[in-house]
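For reference, the structure is listed below as structure tokens.
Residue numbers (my numbering): 3 to 888.
Okay, structure coming up:
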């Protein structure tokens, strides 16, 4: 009679039915919700808020799976687990998306409808589309407290932003200045240094002749941006450069413009670059800007905010795009004889991190935060280990950036974002910085006030995320209980954008670190090692993976194949790893449940009369619990996934489930009850270990168990390793048995004996301890290797015509008479050896090929070496057993 199995277990594993069902129930039961409970230790994570424009990609899949593993684990450990979700308003990105949408749907630009109307339009778009990624996160099983969902421009977070701006301004850490900034002509806004992505360009280096005043001679300067020469106000040389000492203080005539500009000496000039003489354009180069300040040079801007030439250039070039102007000006210079030569030149060029346009160094009035005063404490907490990075190598990367930190440009020339809380009196020029809109000027009393047009950098709200999401600047109970958070999980791309700034903000405004640990995971790449992108068409949609393989398969796969802190090489086929494992879990559980007929199950293993195999699997389980606890504490997620896989598939399923058939089908009722008790206990604890990674299938199976210890596996107690059940000797002895059984199976394969055919086996053993191991497990060995009779001898000669192998100093003889046709098998084995030797020859040829060894990846070479070793061992084994029948 079959045990009570649910219909879903009868039908087979169907994630598309199981996953939505359980997520809905978890939400209904409120399991994700975190409350203040002083009897519990809080465990808090804030989600790296995805852009409100975003849709789920595999980077989110990896990042949020890791966070969910930590949240589910700590929830089961009895902590008050709080995972705070939310989205980022993503200033430039969102404005760009909505501008395109506006143009497509109405045919109008934002300038045509005005700021107020455009912002209404963005808010409408956000309300309609901004929750997409949140709903998608639910599909992969994220157990966030959705009642705490925040948005970086909601009222509470906006108040926090204004509070921080005012405090920093009053402290003298925010200032307005006219400096060279990174300017995006496409987005028409300034960018912070770390929002610029650099990559190598193959460009030209132009050598231009600047005539010396009152002379027939000229000075040659080298530049990659000839269009900016229209704004040159000097030529600079190094004072140590003997080639130019006699020219310092003289003047040159700027070609095209015919402006006289001085030759100055400055130590920053690189004597090795070009000719050693450089053009100086203070409004369009950061080094030139500093030089211009030092030498009191004129500052001439030659471009407008869209990268077009402005009215400060000769009329011919006005309105031209910078690249068009470059082409035309080079034609003019060549025609007039001002070009000495043009060379190919490779150099690093900055691009906008949002639209990929080439950045223009541009003089502009912007708002900045002084970072060095904020950085010192943030350096100390990492150096002292109060905040730890995992893997540790990222600590050095963080500190190197912090030691060399520059002021942060926080103003953006866009409309969508937190408008800077600064007002200018139109009558007396007074600047007012306030949390609320002032009624009148504090100096002259005028009501004619105008607010700053610029908005704040998106990251100015994100750096407050760990405490603003908990109610700051109010001193809320949530803030007192859940802050500081425990761990931040992110990728390397935002260590500087976000991680470093959050640490500085936490220390400045909360006087405490924002999190104790920072786990940096790798980047998801395609299986060729390329970044996933629309242009390459190599992206993998997580929702498509969920539909095809299930969320559990997605979660397990990306964790199992991602080495700690290293990049993940992914293809759609790899999700079969998780799918096959889910099927294995399901089928193994179905086998256990199918043998249950409402027998009494004892959950206390120490009460039972355990067999050798029972003690072995229980010992293995306790050790795997211990191993997983350590791996989680060190954020080694691949180790967690592969450890539980190895235990469940290769120990529990491959061995113990097979051994259990002896206790279930060939023994008395008490032995059956005992075997079922062990099976259900190990299965239940295994499901708990698997739950943080594979929440859906584990809940589905857990609900069928006769020994549930909670109404949901989500809130059940995490397994604790029981030292009393650990027995290293039994584990070692079991490995001896496994090697013997595997050896017998291999001989049957080599000698072409069908697996189901019964055979006789003789063990020649000299050690009493090993004799006892065999004698105590005779029935299990017979069953697993399909043996009719076992003889255990202490000193026996090898019988004639018997196959043999040696394992753990035990000689194993398998008499072959009557089992095989000797002549037929001799021919077959000889043929097999010939084939193996030919294969070995090919492998050795590859290993002796210097070209292969030099060009192939280490992994590929190891694979070939491993194959060579296996082939040699197989040949030796076949030869040995050929000798047995000759």
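Glycine is no exception: its CB is placed at the ideal position from the N, C-alpha and C atoms.
Selection 121, 806 and 601 evaluated against residue 879 yields 806 as nearest (Cα-Cα). Sequence-distant Cβ neighbours of residue 527 in its own chain, meaning closer than 8 Å and more than five residues away, are 533, 534, 569, 570, 571 and 572.
Secondary-structure assignment with DSSP links residue 364 through a beta bridge to 183. The residue among 57, 866, 40 and 63 with its C-alpha nearest the C-alpha of residue 695 is 63. Taken through DSSP and simplified to helix, strand or coil, residue 85 comes out as strand. Look at residue 350 here: in three-state DSSP terms it is strand. Annotated three-state conformation of residue 773 is helix, per DSSP.
For the pair residue 280 and residue 318, the Cα-to-Cα distance works out to about 25 Å. From the listed residues 763, 605, 816 and 422, the smallest Cα separation to residue 711 is found for 605.
Looking at the DSSP output, residue 410 shares a beta bridge with 371.
At a Cβ-Cβ threshold of 7 Å, residue 432 and residue 445 count as neighbours. Closest by C-alpha distance to residue 339, out of 283, 257, 378 and 270, is 257. Non-local beta-carbon contacts of residue 689 in its own chain, meaning distances under 7 Å to residues more than five positions away in sequence, involve 700, 703, 704 and 715 in chain order. Assigned with DSSP and collapsed to three states, residue 91 falls in coil, not helix or strand. Here DSSP, grouped into helix, strand and coil, assigns residue 417 to coil. Annotation for residue 492: 50 place their beta carbon closer than 6 Å to its own, counting only its chain and skipping 5 residues before and after.
When DSSP states are grouped into helix, strand and coil, residue 651 belongs to the helix group. The way I'd put it, the segment 200 to 216 doesn't touch the segment 400 to 413; fewer than three beta-carbon pairs between them come closer than 8 Å. In chain order, 624 place their CB closer than 8 Å to the CB of residue 725, counting only its own chain and leaving out the 5 sequence neighbours on each side. Taking a C-beta distance under 7 Å as the contact criterion, residue 46 and residue 438 do not qualify as a contact pair.
Within the DSSP bridge table, the entry for residue 453 names 425 as partners. The three-state secondary structure of residue 320, taken from DSSP, is coil.
Here residue 693 carries a coil assignment [DSSP, helix/strand/coil].
Non-local C-beta neighbours of residue 827 in its own chain, meaning closer than 7 Å and more than five positions away in sequence, comprise 753, 754 and 887, ordered along the chain. The beta carbon of residue 188 sits closer than 6 Å to those of 357 and 359, all from its chain and outside the five residues before and after it, given in chain order. Where residue 578 is concerned, the enclosing alpha helix (DSSP H) starts and stops at 578 to 596. Across the set 77, 275, 461 and 312, the C-alpha of 461 shows the shortest separation from the C-alpha of residue 95. Distance from residue 267 to residue 255 at the Cβ level is roughly 20 Å; contact not present, criterion being Cβ atoms closer than 8 Å. Here DSSP, grouped into helix, strand and coil, assigns residue 208 to strand.
If you draw a straight line from the Cα of residue 809 to the Cα of residue 877, it is about 17 Å long. Distance from the CA atom of residue 417 to the CA atom of residue 384, rounded to whole angstroms, is 36 Å. In this structure, residue 106 sits away from residue 42, with a CB-CB distance that is not shorter than 7 Å.
For the pair residue 240 and residue 273, the CB atoms are nearer than the 7 Å cut-off.
When secondary structure is reduced to three states using DSSP, residue 854 falls in the helix class. Contact between residue 468 and residue 508 holds: their C-beta atoms lie close to 6 Å from each other, under 8 Å. Assignment of residue 315 by DSSP, reduced to helix, strand and coil, places it in the coil class.
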